[in-house]
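Novice: Under the working numbering, residues 68 to 401 are what the sequence shown spells out, in order. For every residue, glycine included, the Cβ atom is placed at its ideal position computed from N, Cα and C. Quick one: the structure is below, questions incoming.
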Amino acid sequence: MLVFTPEFVGKIKKRYERDGVYQKPSIYYIVTRDENDFYRNNVERLVGSLSIKEQRNTISRLQSPDSFFQTYHELILRDELTKLGFQVEAVELDGLTPDWLVIETATTPAFLIEVFTANFSEVSEAENIQREDLWGRLKSIRKNADLRVEFYCGQKTLNPSRNKKIITQIKIWLDTSPSVDSVLPFEELSITFLQSTIDGTGIRLIYFTPSEWANIKPVKLTILEKVKKYKSLSNTYNYPLVVACFPIPLSYLDEEDFEDGLFGDKEFKAYLNSEGKVIAGPGWVRKNNGILESAPYLSAALWCWYDGNWQMKIFHNENAEKPLPPSTFEKHLE
């Protein structure tokens, strides 16, 4: 083991085992729960594919609760690009260290790629704490099932007492062996039973959240900050720049939010004449508040998600000074 060594596992257990179930960081469950064995094996495989020099810094970041997911997502992207047939390297250029340099192929120029993890939305801290509390309590239920959690917008908000009552009702409901697609409704959310799973998998959750909770502004700012940081390298070495986004479930972001951030929010418009009659539309149009039009140094953006396999969707920037071929992220090696 390179990452999940006995020393590291012991350190994490000692540090967090006395905390409440819902207060432990995600890395505690990754380290300690049997159902996350596949997760740990994947991390070890990814780290094992790195050079000795790359491993030193990567291992320390993976062993930190604050940087685990960001580092893991960087490794996932490298792995996915390698599967596409690319050679991917870590480099230092002019004192800067972009996440990855993708080496030129017969059909694609070399390009830089930066990765970031979209974290919590900017809803109130108290609300996020209560959703984390509920999430932790759900994960602690000793059942083996996949559940869909759909939150609602409304006046009713979560709190520790309410969370306990919800969990009690969910436990009772699960004890009845609900059928597939059965729904347990609450004022704040609903729980849908998707399927039973094999022993040891525990509770696995899929989140659906109101679009009002999603806040794409921090994502837009992060992309622009990365463009600002690396545009000099892009110019000096003539490398196109790509930014890849990995959302966590409680960011409440989806692909449509990401697309709106890049190309502008959609609004439904109809154009009327002086008599109030529709002369054009109605139809969907985009506002002039997307970032691609004003970010010519950004060649493309990637939206990355997991649905049993890692997936990527590419959004090309038509205004890019250094565009990438449309086929860039199609499979290169058959």
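#1: Just to check my reading of the structure: Ile283 and Asp327 have Cβ atoms closer than 8 Å, yes? What is that Cβ distance to the nearest angstrom?
#2: I'd like the span of the alpha helix (DSSP H) that includes Pro227, first residue to last.
#3: In angstroms, rounded to a whole number, what distance separates the CA positions of Leu168 and Pro393?
#4: In whole angstroms, give me the CA-to-CA distance for Ser93 and Ser299.
#5: Identify every residue that forms a DSSP beta bridge with Ile271.
#6: State the DSSP-derived secondary structure class of Arg204, mapped to helix, strand or coil.
#7: Below 9 Å between beta carbons: does that hold for Pro307 and Ser361?
#8: Taking Arg82 and Gly269 to be in contact with their CB atoms under 8 Å, please state how far apart those CB atoms are, rounded to whole angstroms.
#9: If contact is defined by three or more beta carbon pairs under 8 Å, each pair taking one atom from either stretch, is the stretch 152-160 in contact with the stretch 101-113?
#10: Only counting the same chain, and skipping five residues up and downstream in sequence, which positions put a Cβ closer than 6 Å to that of Phe260?
#11: Restricting to Cα atoms, I'd like to know which of Asn186, Lys210, Asp374 is closest to Glu199.
#12: What did DSSP end up calling Lys120 once you bin it into helix, strand or coil?
#13: For Val310, which option in Tyr304, Gly267, Lys80, Tyr364 has the closest C-alpha, if you only look at C-alpha atoms?
#14: Can you give me the Cβ contacts of Asn356 inside the same chain, cut-off strictly under 8 Å, excluding the 5 residues immediately before and after it?
#15: Using the rule of at least 16 other Cβ atoms within 10 Å of the residue's Cβ for burial, across every protein chain shown, is Glu397 buried or exposed?
#16: Measuring alpha carbon to alpha carbon, tell me which residue in Asn305, Glu334, Val98, Asp133 is nearest Glu84.
#17: Pull up the DSSP beta-bridge partners for Ser29, would you.
#18: Indicate the three-state DSSP secondary structure (helix, strand or coil) for Phe396 in the structure shown.
#19: Rounded to whole angstroms, how far is the Cβ of Leu391 from the Cβ of Leu359, which I believe are closer than 8 Å?
#20: Rounded to whole angstroms, what's the CA-CA distance from Arg145 to Gln154? Just pull it up for me.
#21: Along the chain, where does the alpha helix (DSSP H) containing Phe330 start, and where does it finish?
#22: Answer with buried or exposed for Asp166, where buried requires no fewer than 16 other C-beta atoms within 10 angstroms of its C-beta.
#23: Compute the Euclidean distance between the alpha carbons of Leu142 and Ile79, then round it to the nearest angstrom.
#24: Drop a sphere of 10 angstroms on the beta-carbon of Asp324, count the other beta-carbons inside from all chains shown, and report buried for 16 or more, exposed for fewer.
#25: Please confirm if the stretch 202-209 is in contact with the stretch 231-247, defined as three or more CB-CB distances below 8 Å between the two stretches.
#26: Measuring straight from C-alpha to C-alpha, what distance separates Val114 and Asn384?
Specialist: In short:
#1: Locating residue 283 in the sequence shown gives position 216, counting from the first residue. Locating residue 327 in the sequence shown gives position 260, counting from the first residue. So it is a contact: roughly 6 Å between Cβ atoms.
#2: For the purposes of this step, residue 227 is taken as the residue at position 160 of the sequence shown. 227-242 is the span of the alpha helix (DSSP H), which, as asked, contains Pro227.
#3: Along the sequence shown, one-based indexing puts residue 168 at 101. Along the sequence shown, one-based indexing puts residue 393 at 326. Those two C-alpha atoms are separated by around 19 Å.
#4: Counting from one through the sequence shown, the residue named residue 93 turns up at place 26. Counting from one through the sequence shown, the residue named residue 299 turns up at place 232. So the alpha carbons of these two residues sit roughly 37 Å apart.
#5: For the purposes of this step, residue 271 is taken as the residue at position 204 of the sequence shown. The sequence shown places Arg at residue 271, not Ile. The secondary-structure analysis by DSSP pairs Arg271 across a beta bridge with Asp213.
#6: On the sequence shown, residue 204 is found 137 positions in, with the first residue counted as 1. Correct three-state label for Arg204: helix.
#7: Residue 307 sits at position 240 when you count from the first residue of the sequence shown. Residue 361 sits at position 294 when you count from the first residue of the sequence shown. No, the Cβ-Cβ distance between Pro307 and Ser361 is not below 9 Å.
#8: By one-based count along the sequence shown, residue 82 stands at place 15. By one-based count along the sequence shown, residue 269 stands at place 202. Distance from Arg82 to Gly269 at the Cβ level is roughly 22 Å; contact not present, criterion being Cβ atoms closer than 8 Å.
#9: No: the two stretches stay apart, fewer than three of their Cβ pairs being nearer than 8 Å.
#10: Here residue 260 is taken as the residue at index 193 of the sequence shown, counted from 1. These residues qualify, in order along the chain: Pro245, Ser249.
#11: Numbered from 1 along the sequence shown, position 132 holds the residue referred to as residue 199. Looking only at Asn186, Lys210, Asp374, the smallest Cα-Cα distance to Glu199 is reached by Asn186.
#12: Here residue 120 corresponds to residue number 53 of the sequence shown, with the count starting at 1. In the structure shown, the three-state DSSP call for Lys120 is helix.
#13: Translated into positions along the sequence shown, residue 310 becomes position 243. With respect to the C-alpha of Val310, the residue from Tyr304, Gly267, Lys80, Tyr364 having the closest C-alpha is Tyr364.
#14: Taking the sequence shown and counting its residues from 1, one reaches residue 356 at position 289. Within the same chain, Cβ atoms closer than 8 Å to the Cβ of Asn356 are found at Gly331, Asp332, the five residues on either side in sequence being excluded.
#15: On the sequence shown, residue 397 is found 330 positions in, with the first residue counted as 1. Answer is exposed; the Cβ neighbour count stays below 16.
#16: Taking the sequence shown and counting its residues from 1, the one referred to as residue 84 is at position 17. In this structure, Val98 is the residue among Asn305, Glu334, Val98, Asp133 with its C-alpha nearest to the C-alpha of Glu84.
#17: No answer is possible for residue 29: the residues shown for the chain start at 68 and end at 401.
#18: Within the sequence shown, the letter at position 329 stands for residue 396. Per DSSP, reduced to three states, the secondary structure at Phe396 is coil, with no helix or strand assignment.
#19: Numbered from 1 along the sequence shown, position 324 holds the residue referred to as residue 391. Numbered from 1 along the sequence shown, position 292 holds the residue referred to as residue 359. By a beta-carbon distance limit of 8 Å, Leu391 does not contact Leu359. Their separation comes to about 13 Å.
#20: To locate residue 145, count along the sequence shown from 1; it is residue 78. To locate residue 154, count along the sequence shown from 1; it is residue 87. Cα to Cα, Arg145 sits roughly 9 Å from Gln154.
#21: On the sequence shown, position 263 is the one that residue 330 refers to. Segment 322-330, the alpha helix (DSSP H) holding Phe330.
#22: What you label residue 166 is simply residue 99 of the sequence shown in a count that begins at 1. Per the 10 Å Cβ criterion, buried.
#23: The residue given as residue 142 occupies position 75 in the sequence shown. The residue given as residue 79 occupies position 12 in the sequence shown. Near 22 Å, if we compare the C-alpha coordinates of Ile79 and Leu142.
#24: Here residue 324 corresponds to residue number 257 of the sequence shown, with the count starting at 1. Buried is the call here.
#25: In short, these stretches touch, since the Cβ pair count reaches three.
#26: As a position in the sequence shown, residue 114 is number 47, starting the count at 1. As a position in the sequence shown, residue 384 is number 317, starting the count at 1. For the pair Val114 and Asn384, the Cα-to-Cα distance works out to about 32 Å.
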